[in-house]
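Read through the structure below, which is laid out as structure tokens, and then see the notes.
2 protein chains.
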Amino acid sequence: METYRRKSREERLKEIKQAAQGVFLRKGFKDTTMEDIINETTLSKGGFYYYFKSTKEIYFSILEEKSDDSITYLGKMLAANQDSKEVVDYLTESIFEDFAERRLFLMGLYESYYDNDFMERFNQIQDKYVDITVNIIIEKYPDMEEKKLKKKINFLYILYHAFVINCNMMGGKDIYKKNKKYLKDLFTNILKD
Amino acid sequence: METYRRKSREERLKEIKQAAQGVFLRKGFKDTTMEDIINETTLSKGGFYYYFKSTKEIYFSILEEKSDDSITYLGKMLAANQDSKEVVDYLTESIFEDFAERRLFLMGLYESYYDNDFMERFNQIQDKYVDITVNIIIEKYPDMEEKKLKKKINFLYILYHAFVINCNMMGGKDIYKKNKKYLKDLFTNILKD
Chain A
1 METYRRKSRE ERLKEIKQAA QGVFLRKGFK DTTMEDIINE TTLSKGGFYY
51 YFKSTKEIYF SILEEKSDDS ITYLGKMLAA NQDSKEVVDY LTESIFEDFA
101 ERRLFLMGLY ESYYDNDFME RFNQIQDKYV DITVNIIIEK YPDMEEKKLK
151 KKINFLYILY HAFVINCNMM GGKDIYKKNK KYLKDLFTNI LKD
Chain B
1001 METYRRKSRE ERLKEIKQAA QGVFLRKGFK DTTMEDIINE TTLSKGGFYY
1051 YFKSTKEIYF SILEEKSDDS ITYLGKMLAA NQDSKEVVDY LTESIFEDFA
1101 ERRLFLMGLY ESYYDNDFME RFNQIQDKYV DITVNIIIEK YPDMEEKKLK
1151 KKINFLYILY HAFVINCNMM GGKDIYKKNK KYLKDLFTNI LKD
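Right, dumping it as structure tokens:
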């Protein structure tokens, strides 16, 4: 028989983020209030504000949390593969995937037009991602020129998101799918240099 | 001595669109009201509403008006050049340009997240652009396979905008500038097929 116990900090945070993600995806970031999220948790208003002061804080805490696995995936692939075909296929195919964090990311991108803080925090996430990826590869290939590698990963990151954004914002998904081979050639060229 | 005369319909429309463009760029589409625009024209409220019923109508009337020159530019280049180098250079370099219509376009793209009508009208503009471009090329090269050409222009259009959006929305301009050669190779590959 399970005895009652107070939820830990981690459990609270998880509960809040799960609730918030649901509300964001349903109502859109702009139309989501703190009350909307609080109502979907077991926390009191005071208890909730102890953890987060604004919907934006919650938003970025969800986005930044992305599991280590997902953040290091590209780095691990690049460190493991001399042959880049597998990496190119992964980059190309995953452009078309639709998942919650991606929809949250796109939603925030729209906010960034009217809120510079969004743009800055996206750039911070990008920098963090690039650094982690570069470190994983350098660990495996210590002789690699770090600056050049960083430039390459940065370009791949931004290019990849260009296609993701385009697929979702300009209805480009079908057109990209029909022209996959050009994306693959592009990624291949960048990786081989 | 110039005698007083009523402004023509064309002059009124031009006045409204110029005023609206200024306000949109200064305040952002979302925060621009009909009153804001009316105040920057010589029209009365009633006179103004005779021409436009909403800021969205004005917005798209500006975007759609784009001079024929600009709409047909790529088509004319493609019809004139056997060698695609000039076209590739134009596509690549113009990605980095900053002008009023482009900023208006990006502004509207952000609106489209919460307003499907924006997305649909952007798609209509895209269809119109692709059709005009294809027609110009087919006129010069009647033997060209229209369906294949259309697919190619469509992909170029969407890809081009992916880079434009990315340069402006994710602070990617510097990264793209350093990696221009990959964009050029990509455009070259698409054009040569």
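These protein sequences, in sequence, are chains A and B. Quick note on numbering: the first sequence equals residues 1 to 193 in this note's numbering. Quick note on numbering: the second sequence equals residues 1001 to 1193 in this note's numbering. C-beta atoms are modelled at their ideal positions from N, C-alpha and C, and glycine is treated no differently.
Cβ of Asp1185 of chain B within 9 Å of any chain A Cβ:
For Asp1185 of chain B, the answer is yes, since a Cβ of chain A falls inside 9 Å of its Cβ.
Which bits of chain A does Ser1112 of chain B rub up against, with CB to CB less than 8 Å?
Under the 8 Å cutoff, chain A gives Met169.
Three-state secondary structure assigned by DSSP to Phe96 of chain A
Phe96 of chain A: coil per DSSP, three-state reduction.
Given a cut-off of 9 Å on the beta-carbon distance, is the pair Ala1075 of chain B and Ile1132 of chain B in contact?
Strictly speaking, residue 1075 of chain B in this sequence is Gly, with Ala absent from that position. Yes.
Please list the partners that Tyr1182 of chain B has in chain A, where partner means a Cβ-to-Cβ separation under 7 Å.
Ordered by position in chain A, the residues that pass the 7 Å Cβ test against Tyr1182 of chain B are Leu186, Asn189, Ile190.
Determine, using beta carbons only, whether Phe1024 of chain B and Leu1104 of chain B come nearer to each other than 9 Å.
Judged by their CB atoms, Phe1024 of chain B and Leu1104 of chain B are nearer to each other than the 9 Å cut-off.
Buried or exposed (CB count within 10 angstroms, at least 16 for buried), Lys1178 of chain B
Its Cβ having fewer than 16 others within 10 Å, Lys1178 of chain B is exposed.
Find out if the Cβ-Cβ distance for the pair Met1119 of chain B, Met170 of chain A is shorter than 9 Å.
Going by C-beta atoms, Met1119 of chain B is nearer than 9 Å to Met170 of chain A.
Interface flag, Tyr51 of chain A vs chain B, CB-CB below 9 Å:
Closer than 9 Å: no.
Expressed to the nearest angstrom, what Euclidean distance is found between the alpha-carbon atoms of Leu43 of chain A and Phe163 of chain A?
Here the C-alpha atom of Leu43 of chain A lies approximately 39 Å from the C-alpha atom of Phe163 of chain A.
Pull up the CB-CB distance for Leu947 of chain B and Ile1165 of chain B, whole angstroms please, since I reckon it's below 8 Å.
Here chain B has residues from 1001 to 1193 only, and residue 947 of chain B is not among them.
Please return the same chain residues whose Cβ sits closer than 7 Å to the Cβ of Val130 of chain A, not counting the five positions on each side in sequence.
Excluding sequence neighbours, Val130 of chain A sits near Lys150, Ile153, Asn154, Tyr157.
Thr33 of chain A classed as buried or exposed, judged by whether at least 16 other C-beta atoms fall within 10 angstroms
It is exposed - the Cβ of Thr33 of chain A has fewer than 16 other Cβ atoms within 10 Å.
Measuring CB to CB, does Ile71 of chain A end up less than 9 Å from Ile37 of chain A?
It is not a contact, given that the beta carbons lie outside the stated cut-off.
For the stretch 1133-1142 of chain B and the stretch 1084-1091 of chain B, state whether three or more C-beta atom pairs, one from each stretch, are separated by less than 8 Å.
Short answer: they don't touch.
Is there a Cβ of chain B sitting closer than 9 Å to that of Pro163 of chain A, yes or no?
It should be pointed out that residue 163 of chain A corresponds to Phe in this sequence rather than to Pro. Closer than 9 Å: yes.
Could you check how far apart the C-beta atoms of Ile16 of chain A and Thr41 of chain A are, in whole angstroms? I think they sit under 8 Å.
At roughly 6 Å, the Cβ-Cβ gap stays under 8 Å, so Ile16 of chain A and Thr41 of chain A are in contact.
Within chain B, the residues that Lys150 of chain A reaches when beta carbons sit closer than 7 Å
Below the 7 Å Cβ cutoff, chain B contributes no neighbours of Lys150 of chain A, its closest Cβ being approximately 11 Å away.
Can you tell me where the alpha helix (DSSP H) with Arg1121 of chain B in it begins and where it stops?
Under the DSSP assignment, Arg1121 of chain B falls in the alpha helix (DSSP H) whose first and last residues are 1116-1140.
Under 9 Å, do Lys1180 of chain B and Thr1055 of chain B count as touching if we go by C-beta distance?
Cβ distance not < 9 Å, so Lys1180 of chain B and Thr1055 of chain B don't count as in contact.
Going along chain B in order, which residues have a C-beta closer than 8 Å to the C-beta of Lys178 of chain A?
Ordered by position in chain B, the residues that pass the 8 Å Cβ test against Lys178 of chain A are Lys1151, Phe1155.
Assign Ser1008 of chain B to one of two classes, buried (16 or more other C-beta atoms within 10 Å of its C-beta) or exposed (fewer than that).
Counting every other CB atom within 10 Å of its CB across the protein chains shown gives Ser1008 of chain B a total below 16, marking it as exposed.
Please decide whether Asn123 of chain A counts as near chain B, where near means a Cβ-Cβ distance under 9 Å.
It does: the Cβ of Asn123 of chain A has a partner Cβ on chain B nearer than 9 Å.
Give me the Cα-Cα distance between Tyr73 of chain A and Asp1127 of chain B, rounded to the nearest whole angstrom.
Rounded to the nearest angstrom, the two C-alpha atoms are 38 Å apart.
Closer than 9 Å to chain A by CB, Leu1025 of chain B:
So no, Leu1025 of chain B is outside the interface.
For the stretch 1086-1110 of chain B, which residues have a beta carbon sitting closer than 8 Å to at least one beta carbon of chain A?
Flagged, chain order: Leu1106, Met1107, Leu1109, Tyr1110.
What are the start and end residues of the alpha helix (DSSP H) that includes Met169 of chain A?
Secondary structure note for Met169 of chain A: its alpha helix (DSSP H) is the uninterrupted segment 146-169.
When the Cα atoms are used, what is the spatial distance from Gln1124 of chain B to Lys66 of chain A?
In this structure, the CA atom of Gln1124 of chain B is about 37 Å from the CA atom of Lys66 of chain A.
Strictly below 7 Å CB to CB, what residues from chain A border Ile1158 of chain B?
Result: Asn166, Met170, Gly172, Ile175.
Beta-carbon proximity check, Lys140 of chain A vs Ala80 of chain A, cutoff 9 Å:
Taking 9 Å as the cut-off, the Cβ atoms of Lys140 of chain A and Ala80 of chain A count as close.
Per-residue DSSP class, three states only, for Thr33 of chain A
Secondary structure at Thr33 of chain A: coil, using DSSP grouped into helix, strand and coil.
Rounded to the nearest angstrom, what separates Lys1045 of chain B and Arg1026 of chain B at their Cα positions?
If I take the Cα positions, the gap works out to 21 Å.
Closer than 8 Å at the beta carbon, the chain A residues around Lys1030 of chain B
In chain order: Tyr114.
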